[in-house]
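**Student:**
Residue numbers (my numbering), protein chains in the order written: chain A, 1100 to 1431; chain B, 1100 to 1431.
1. Helix, strand or coil for residue 1338 (chain A), going by three-state DSSP, please let me know.
2. Is residue 1228 (chain B) near residue 1262 (chain B), with beta carbons less than 7 Å apart?
3. Closest to residue 1380 (chain A) by CA distance: which of A:1341, A:1247, A:1368 is it?
4. Please list, in chain order, the chain B residues whose beta carbon lies closer than 7 Å to that of residue 1370 (chain A).
5. CB residue 1337 (chain A) to CB residue 1358 (chain A), shorter than 7 Å?
6. Using only CA atoms, which one of B:1280, B:1165, B:1375 lies nearest to residue 1307 (chain B)?
7. What residue from A:1194, A:1244, A:1230, A:1192 has the CA that sits closest to residue 1210 (chain A)'s CA?
8. For chain A, check one thing: does any of its Cβ atoms lie closer than 7 Å to the Cβ of residue 1101 (chain B)?
9. Which same chain residues, not among the five before or five after residue 1118 (chain B), have their C-beta less than 6 Å away from its C-beta?
10. Have a look at residue 1109 (chain A) and residue 1326 (chain A) and give me their C-alpha separation to the nearest angstrom.
11. Along the segment 1278-1292 of chain A, what residues have a CB closer than 8 Å to any CB found in chain B?
12. Taking Cβ-Cβ distances below 7 Å as the criterion, which residues of the segment 1384-1411 of chain A are in contact with chain B?
13. Which of helix, strand or coil does DSSP assign to residue 1156 (chain A)?
14. 7 Å is my cut-off, CB to CB: does residue 1366 (chain A) come that close to chain B?
15. In its own chain, which residues sit with a C-beta less than 8 Å from the C-beta of residue 1100 (chain A), not counting the 5 before and 5 after it?
16. Run through chain A and tell me which residues come within less than 8 Å of residue 1230 (chain B), C-beta to C-beta.
17. Residues of chain A with CB closer than 9 Å to the CB of residue 1325 (chain B), please, in chain order.
18. Spatial neighbours of residue 1224 (chain A) within its chain, please: CB distance less than 8 Å, with the 5 preceding and 5 following residues excluded, ordered by chain position.
19. Quick check on residue 1306 (chain A): does DSSP put it in helix, strand or coil?
20. Taking 7 Å as the cut-off, decide whether the C-beta atoms of residue 1330 (chain B) and residue 1296 (chain B) are in contact.
21. Per DSSP, residue 1374 (chain A) is paired with what?
22. Give me the subset of the segment 1342-1366 of chain B whose CB atoms are less than 9 Å from a CB atom of chain A, sorted by chain position.
23. How would you list, in chain order, the residues of chain A whose beta-carbon sits under 7 Å from the beta-carbon of residue 1227 (chain B)?
24. So for residue 1360 (chain B), helix, strand or coil by DSSP?
25. Looking at residue 1394 (chain A): is its Cβ nearer than 7 Å to the Cβ of residue 1317 (chain A)?
26. Which parts of the segment 1253-1332 of chain B are runs of the beta strand (DSSP E), unbroken and 3 residues or longer, counting only runs that do not cross its ends?
27. Output needed for residue 1153 (chain A): all residues of its chain with C-beta closer than 6 Å, excluding positions within five of it in sequence on either side, in chain order.
28. Could you please tell me which residues of the segment 1168-1196 of chain A, in chain order, have their CB closer than 9 Å to any CB of chain B?
29. Whether or not the segment 1125-1136 of chain A and the segment 1343-1353 of chain A are in contact is what I'm after, with contact meaning three or more pairs of Cβ atoms, one per stretch, closer than 8 Å; do they touch?
30. For residue 1126 (chain B), which of B:1181, B:1351, B:1390 has the nearest alpha-carbon?
31. Using only the alpha-carbon positions, how far apart do residue 1105 (chain A) and residue 1383 (chain B) sit?
32. State buried or exposed for residue 1103 (chain A), treating a residue as buried only when at least 16 other CB atoms are found within 10 Å of its CB.
33. Where does residue 1421 (chain A) land, buried or exposed, given buried means 16+ other C-beta within 10 angstroms?
34. Here's the rule: buried if 16 or more other CB atoms are within 10 angstroms of the residue's CB, otherwise exposed. What is residue 1405 (chain B)?
35. Go through its chain and collect everything with a Cβ distance to residue 1075 (chain B)'s Cβ below 7 Å, but skip five positions before and after it.
36. Looking at the structure shown, is residue 1251 (chain B) part of a helix, part of a strand, or coil, going by DSSP?
Listed below in structure tokens is the structure:
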């Protein structure tokens, strides 16, 4: 072997330095649950928990908390609700920090108990930029309840720069512990991410740490994570084998290889690849043209997800042409 | 929609400019043939030719030329040999420039006829850095025969910087028309690619145009192509649906979306996705852990390919551990 490209040849010495400092959040069960309506069996969730805890990954997001009536309990699995008694069957407190997400519009303060009454450490609030009023209420309540509070402002690729600046300024005043740059549509390229991570960090200030959550529609989730780390992102989201809505997320195993940080151990996660590869054959996340086409056009993946559920999933020329036409109409 | 992330928000105006200038080479049948021993039927090769010609892609690489005895003709398909009579069944001259690759060690000058006796426009010579003497003979012969001559120096991630410099200086003197930076093992990240494209262009001079050929083991093939274009690469290789050895190559459809160049039309290629997605289910290129693990360790994918051929393909912890151990032995 000539050059060790794992650790040398890096023209910017900072990359190595920064990749040793970033933290990792796994959202396999939460974002992956969007693929199977959160019907992961308890055994697999427990196995995932044990593997992540052993790997040294910093956070595990086990699902959503949801207000009554937002979903039919007969049509989704337990990780859409994350009731305390269900959580206690699969996790043990203290081995890894545990997060549940709450969706603005599908949660009230009633679903967020005092931290002392929960195994959960983190409430992660998912909002759109135009729903920040309601998000503020939930963030403040969660802070009052004693949680670490993270905020995800979703679908950032559709937000105007003016609204983004205004939102970031609100976040700077609100002071959740962490804020994630979220590319829900898988529309961003590394040069966008460099610009946005810089902007996020500059505007929210030192009290709010900045992380990233990427989707893989155009095979950029891991590459975008790399430049985000290079720009000083404080945490990165990943999932086992890249499971997640549509094309999925950044594969956490690639991330742990890359970070090359002795505090992480990728081996227990490799033990889970077999389980998740079998699931992938069934649930079809990953690189598929319908998702690439929605990502490229910067729209929600739902049209791609619908097409993927049909036997004509790869007959995608007309799917492309319809989106392209809509796109040029909007642009003119 | 807020921001059009397809064309705006680019902090470096050059990116847009450069992506309108780069040329595209498709090597679906050549590199994809490594997955199925070049057993593509004539109908699919012809359909691929027609689609690529209509798309405006600059070059189509239809296979290899190979000396007698290097492969058993009963065990590989026709595109490992690219006899003129086979080519004439599937392509028509003039619609798109046609390339065949020749592998140093598996070719002699006898397999390269005068250009006037062939439908082929380009001879692409694939060599390792340590076989440059033999490569020079074949490059010179091909130039004398009247072809456009491209040179691929493979597995560059294993070549010492000293040998790389020496090789690039030889290429500068040899003056093939084009030289490709080839990441055979899928080991490179975008910051390596920036450094290497700059070096290649600086050393080979203006007479040799520089392009890139990436493998997707760590989901970096498209991201690496993007930075290569940003650094001024003159051409980029891609394949339909990313087909290629191991994890495969940069998907040409993602590349054409990204280039956003009116001279290209992605639609005819989208018509082929159905055929190639069916092949992918069978041949299993794309993101699979065994390939990610060889890429990360900067070794040839053959161990991953062997593992992928077994039912235990995703039981990859011990595969990882063996390579990791070998890697640390070599590094110390």
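Positions of the beta carbon are idealized from the N, C-alpha and C atoms, including for glycine.
**Tutor:** Let's see:
1. strand
2. yes
3. A:1341
4. 1416
5. no
6. B:1280
7. A:1244
8. Here residue 1101 (chain B) scores only 41 on pLDDT, less than 50, and its place in the model should not be relied on; the value that follows carries that caveat. Taking Cβ atoms only, chain A reaches closer than 7 Å to residue 1101 (chain B), which makes this a yes.
9. 1328, 1358
10. Only weak support is given to the placement of residue 1109 (chain A): the predicted model assigns it a pLDDT of 46, under 50, and the value that follows is read from those uncertain coordinates. Cα-Cα distance, rounded: 13 Å.
11. 1286, 1287, 1288, 1289, 1290, 1291
12. 1385, 1386, 1388, 1391, 1395, 1397
13. coil
14. yes
15. With a pLDDT of only 38 at residue 1100 (chain A), under the threshold of 50, the placement of this residue in the model should not be trusted; the figure read from the coordinates follows. Excluding positions up to five away in sequence, the list is empty.
16. Within chain A, no residue comes near residue 1230 (chain B); the closest Cβ sits about 15 Å away, beyond 8 Å.
17. 1288, 1289, 1290, 1319, 1322
18. 1200, 1201, 1203, 1234, 1237, 1238, 1241, 1248, 1249, 1250, 1251, 1275
19. coil
20. yes
21. Bridge partners of residue 1374 (chain A): none, in fact.
22. 1349, 1350, 1352, 1353, 1356, 1357, 1365, 1366
23. Chain A residues near residue 1227 (chain B): none, gap ~11 Å exceeds 7 Å.
24. coil
25. yes
26. 1277-1282, 1308-1313
27. 1367
28. none
29. yes
30. B:1351
31. Per-residue confidence for residue 1105 (chain A) stands at a pLDDT of 40, beneath the threshold of 50, marking its modelled position as unreliable; no derived number is given.
32. Unreliable placement is indicated for residue 1103 (chain A), whose pLDDT of 45 sits below 50; no coordinate value is reported for it.
33. exposed
34. exposed
35. The first residue shown for chain B is 1100 and the last is 1431, placing residue 1075 (chain B) beyond what the model contains.
36. strand
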